[in-house]
Amino acid sequence: MTQSKSIIDRFLDIEDPWSLSKTERKDMLVGSIIEAAEHHYKNNSVWRRLCEVKNFKPTDINSYEDLNRIPVISTRAFKGGFDLLSVPSKDIVKVHMSSGTSGSRSRVPRDRITLDRNRISILKTNAKFRSSDPGYLGMMSPSPDEISDLTIANYAKISLEDFSSYDFFLRLDGGFNPEQVVEKLNSVTDRPVNIGGAPMLLLGLAEYVLKTGNRIHTMDERSAVTAGGGFKNAKGQVVDRETFNRIVMNAFGTKEENIRDVYSMSELNGVLPECEHHLKHVPPYFYISIRNPANIDEEVPYGEEGLPVFIDPLAHSYPGFIVADDIVSFKTAPFKTCECGESGPTLATKVRRAEGAEEKGCGRHVDELSEQLSS
Ligand SMILES: [Zn+2]
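Note that our numbering gives residue 969 to position 168 of the sequence shown, counting from 1, and the numbers run on in steps of one.
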């Protein structure tokens, strides 16, 4: 007898999960999360211990509202060397790392099951929120084949599956030559010509174009500019989104609605793309809640800023029950409809790193986790 498919995998099989009714979506999400919670409770001693401390059992989940009770792990724990495996270490195929300085990098272990689910989630989300036809993609980043351990490379590699042709313009040593980029983009025959990458490199290219007048003639109204990885420059200064959009529009002739940021983190098996209103859509596979940095167990009032909690049932090799040290706010409530016509939840355009007192929220959470596990 063949084993019946898990709810999670049936959820991923659905052609367009955004089209499900509110009740169907809730049922699939709650069912998937119960399955995931039971798996991690049974196979992950760190998370089980945390559940015991918080007086929680997976059997406590009976409804959507109960999902808020699931104990979460700070993404900082993935930087701190906790053993967060829920499968034997021999099953790990890839350890994805966040970019950033070596001491602050997350290390996220993925087995084949998690990698396959991660890929489907990203492809379906990209297809839903694509700002233009795939055509050609010029990426201002190193080739994923050279930096395959980086989360961002994993995302780029999966996203490329949809494009007819592509190039990578950042050398591994950091070398980036805008003149060569313009020359290459002007020789591309596939349409539309889209570009993507870190905001600062996209700005570098835009500023070169504006300064020299050496234009990219192949980019037009249909072209999309997709940014990912945060709007901070090397000196740590934040470039505001309005300035970024204006420079990009001037340099490349891109329509503002086709300039999109993608928000994600190494620990999440998917991405939050922007719609044409620049709101970040949470895919139906994840439960999200926004918490008070001073008390991670408490939700902030709707619309206020806080730390995002994601309950990600696609993670099989580690518990995908996480709280990140970013500051976000809801713009569309779960199951309400965004201005773009797709159902929410959505987050406001601006996402920033938690700083100062807010940052201590996640730090304190990891300290508590250490204490609880050692006591
Ligand atoms: Zn929208």
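Beta carbons: idealized from backbone N, C-alpha and C, even for Gly.
Q. How about the segment 956-967 and the segment 922-936: do they share at least three Cβ pairs that are nearer than 8 Å?
A. A contact exists between the segment 956-967 and the segment 922-936.
(Q) Below 7 Å, is the gap between the Cβ of residue 1163 and the nearest heavy atom of ligand 1? (A) In this structure, residue 1163 has its CB at a distance of at least 7 Å from all heavy atoms of ligand 1.
Q.
Along the chain, where does the alpha helix (DSSP H) containing residue 955 start, and where does it finish?
A. Per DSSP, residue 955 belongs to the alpha helix (DSSP H) from 952-961.
Q: Tell me the start and end of each unbroken alpha helix (DSSP H) in the segment 825-882 that is at least 4 residues and wholly inside, in chain order.
A: Runs of the alpha helix (DSSP H) inside the segment 825-882: 846-854.
Q: Go ahead and label residue 1000 buried or exposed: buried means 16 or more other beta carbons lie within 10 angstroms of its beta carbon, across all protein chains shown.
A: Looking at its Cβ environment, which holds 16 or more other Cβ atoms inside 10 Å, residue 1000 is buried.
Q | Residue interval of the alpha helix (DSSP H) (run including residue 1175) | A | That run of the alpha helix (DSSP H) goes 1157-1175.
Q | Residues near residue 892 in its chain [Cβ-Cβ closer than 6 Å; skip 5 each side] | A | In chain order, 912 place their CB closer than 6 Å to the CB of residue 892, counting only its own chain and leaving out the 5 sequence neighbours on each side.
**Q.** Other residues of its chain near residue 989: CB distance less than 6 Å, five sequence neighbours each side excluded
**A.** Hits under 6 Å: 937 and 1019.
**Q.** Check: residue 926 C-beta below 7 Å from any heavy atom of ligand 1
**A.** No, the Cβ of residue 926 stays beyond 7 Å of every heavy atom of ligand 1.
Q | Pick from 1067, 1075 and 1081 that is closest to residue 907, judged by C-alpha positions | A | The residue with the shortest Cα to Cα distance from residue 907 is 1067.
Q) Quick one: is the Cβ of residue 1078 within less than 7 Å of any heavy atom of ligand 1? A) Yes, the beta carbon of residue 1078 sits closer than 7 Å to at least one heavy atom of ligand 1.
Q) Bridge partners of residue 1001, per DSSP? A) BP columns for residue 1001 are empty, so no partner.
Q: Could you tell me the boundaries of the beta strand (DSSP E) in which residue 982 lies?
A: Per DSSP, residue 982 belongs to no beta strand (DSSP E); it is in the alpha helix (DSSP H), 979-986.
Q) Which residues mark the beginning and the end of the beta strand (DSSP E) in which residue 1108 is found? A) Looking at the DSSP string, the run of the beta strand (DSSP E) that includes residue 1108 is 1108-1112.
Q) Got a sec? Which residues, its chain only, sit under 8 Å from residue 985 by beta carbon, not counting five neighbours each side? A) Once the five neighbours on either side are set aside, the close Cβ partners of residue 985 are 939, 968 and 970.
Q.
Quick check on DSSP: helix, strand or coil for residue 1087?
A. Coil at residue 1087, not helix or strand.
Q. So what does DSSP say about residue 769, is it helix, strand or coil?
A. As displayed, the chain neither begins before 802 nor continues past 1176, which places residue 769 out of reach and without an answer.
Q | Range covered by the beta strand (DSSP E) that runs through residue 968 | A | Residues 966-969.
(Q) If I measure Cβ to Cβ from residue 1016 and keep anything under 7 Å in the same chain, skipping five residues before and after, which residues do I get? (A) If we look at residue 1016 and ignore the five residues flanking it on each side, its Cβ neighbours are 1010.
**Q.** Host beta strand (DSSP E) of residue 1061 (start-end)
**A.** From DSSP, the beta strand (DSSP E) with residue 1061 extends over 1060-1064.
(Q) The beta strand (DSSP E) that contains residue 1020, what's its start and end? (A) Per DSSP, residue 1020 lies in no beta strand (DSSP E) segment and is marked neither H nor E.
**Q.** C-beta atoms of residue 1129 and residue 877 nearer than 8 Å
**A.** Going by C-beta atoms, residue 1129 is not nearer than 8 Å to residue 877.
Q) According to DSSP, is residue 802 helix, strand or coil? A) Reliability fails at residue 802, whose pLDDT of 49 lies under 50, so the model's placement of it is uncertain and no value is given.
(Q) Measuring straight from C-alpha to C-alpha, what distance separates residue 881 and residue 874? (A) CA-CA distance, residue 881 to residue 874, rounds to 12 Å.
Q | Exposure of residue 802, with buried meaning 16 or more beta-carbon neighbours within 10 Å | A | Note on residue 802: pLDDT 49, under 50, position unreliable in the model; the coordinate value appears next. Around the Cβ of residue 802, a 10 Å sphere holds fewer than 16 other Cβ atoms; the residue is exposed.
Q) residue 1155 and residue 1109: beta carbons closer than 8 Å? A) Going by C-beta atoms, residue 1155 is not nearer than 8 Å to residue 1109.
Q: Could you say which of 1044, 1124 and 1050 lies nearest to residue 1022 if we only look at CA atoms?
A: Here the closest residue by C-alpha is 1050.
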